[in-house]
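A short write-up of the structure that comes next.
In structure tokens, the structure reads:
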């Protein structure tokens, strides 16, 4: 079987999508060496490029405006030249649009949707209109697909309800992670709060900073460590200085392995205050690392975190509710340990990369051309 995979992010990854796609393709190749998986992406490590223009990105890391546009003009030639049995397009905000029905079956993985962004993230009317326009193209892609695979139940329910897709066409396959043996116990750094993600409004960084500012008035010894690419510029540094947080807030920039895992294991808790998540990859990684999570009750995260069973959920966008959750977890070590232990067990069961890609392979087999 030959599968053509389309994704705007692959290897080296620039975000969660690239991590997910590259690890899944690598595992598919390991488990099913008799098959051929060809990745088309603007990323340097892709197997094939659609065109030089399709690889152009915005200055803002990740934006790739021409990839989908040019792909639609090239897809007929791609099918003719490479003769794939199945096409697999990764969609969602920034993802791939296919606007003309291909001659072979197409599977679409939705990581989240433009309408979810319009309703949960953006307050600017112009941006809302733009996202809703993109949702029209997105709906066209879903309508042309033989199967829509969603990475969370939240997204699946939303696509059925708001994109008018039949429930029989939609299924859920959560993202997978490589499950590693539990290492020796790592001593947590007391009073250390961790944030991992892009520094932008959508990831809820301002919610966390306001919450931390509130907490610091009660406990001046607390520390907040922030790891991720800064997309909001000097605003965050000005906020830290103006609120006299320079001794307590540490901007570490974009971290790669093994430093990322080290931070996860050392932190007392990790906070994920996002306004929207398709899946919440960092939540799954924190669960595997045995680090207690406080996350916003937002689509994506609420599919992963069970409140008071595997972590805490707080009201989305509410800095005071965020502060209350953090404070409750910091005060109760026994509760933190219980939640972290439960989370690790659940993550091992739910997020096995090998198990998840076997499910993907089953979808390929079900819809391959000629069967």
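Numbering (the working numbering), first residue to last: 1 to 371. Glycine is no exception: its CB is placed at the ideal position from the N, C-alpha and C atoms.
Excluding residues up to 5 positions away in sequence, 195, 271, 273 and 322 lie with their Cβ nearer than 7 Å to the Cβ of residue 208 in the same chain.
Around the C-beta of residue 75, 16 or more other C-beta atoms lie within 10 Å, and the residue is accordingly described as buried.
Counting only the Cα atoms, residue 326 lies some 14 Å from residue 220. Apart from sequence neighbours up to five positions away, the residues of its chain that approach residue 71 with a beta-carbon distance below 6 Å are 50, ordered along the chain.
In the structure shown, residue 245 falls within a coil segment according to DSSP collapsed to helix, strand and coil.
Within the segment 55-111, complete alpha helix (DSSP H) segments of at least 4 residues are found at 67-82, given in chain order. Under the criterion of beta carbons closer than 8 Å, residue 4 and residue 84 qualify as touching, at roughly 4 Å. According to DSSP, residue 352 shares a beta bridge with 177. Between residue 328 and residue 315 a beta carbon distance of about 14 Å is seen, past the 8 Å cut, so the two are scored as non-contacting. By the CB criterion at 8 Å, residue 360 and residue 98 fall outside the cutoff. In this structure, DSSP gives residue 226 an extended state, which the three-state scheme calls strand.
In this structure, 214 is the residue among 214, 9 and 367 with its C-alpha nearest to the C-alpha of residue 244. Residue burial annotation: residue 366 is exposed, with fewer than 16 other C-beta atoms found within 10 angstroms of its C-beta.
The alpha carbon of residue 12 has as its nearest neighbour, out of 128, 234 and 42, the alpha carbon of 42. Your pair residue 8 and residue 66 does not check out as a contact, with CB atoms roughly 10 Å apart and the cut at 8 Å. A straight-line Cα-Cα distance of about 14 Å links residue 227 and residue 14. Going by DSSP, residue 37 is part of no alpha helix (DSSP H) but of the beta strand (DSSP E) stretching over 36-40. Going by C-alpha positions, residue 304 is about 38 Å away from residue 52.
When rounded, the separation of the alpha-carbon atoms in residue 34 and residue 2 is 9 Å. One alpha carbon belongs to residue 205, the other to residue 310, and they sit about 22 Å apart. In the three-state scheme derived from DSSP, where H, G and I count as helix and E and B as strand, residue 231 is classed as coil. Excluding sequence positions up to five before and after residue 25, its CB lies within less than 7 Å of the CB of 5, 37 and 39, all in the same chain and listed in chain order. Distance from the CA of residue 224 to the CA of residue 350, rounded to the nearest whole angstrom, comes to 29 Å.
In the three-state DSSP reduction, residue 269 falls in the strand class (E or B). Look at the beta carbons and you see the segment 187-194 not touching the segment 163-172: under three pairs across the two are nearer than 8 Å.
Remark: three or more beta-carbon pairs, one from each stretch, lie closer than 8 Å, so the segment 99-107 and the segment 135-151 are flagged as touching. In the three-state reduction of the DSSP assignment, residue 360 falls in the helix class, which pools H, G and I.
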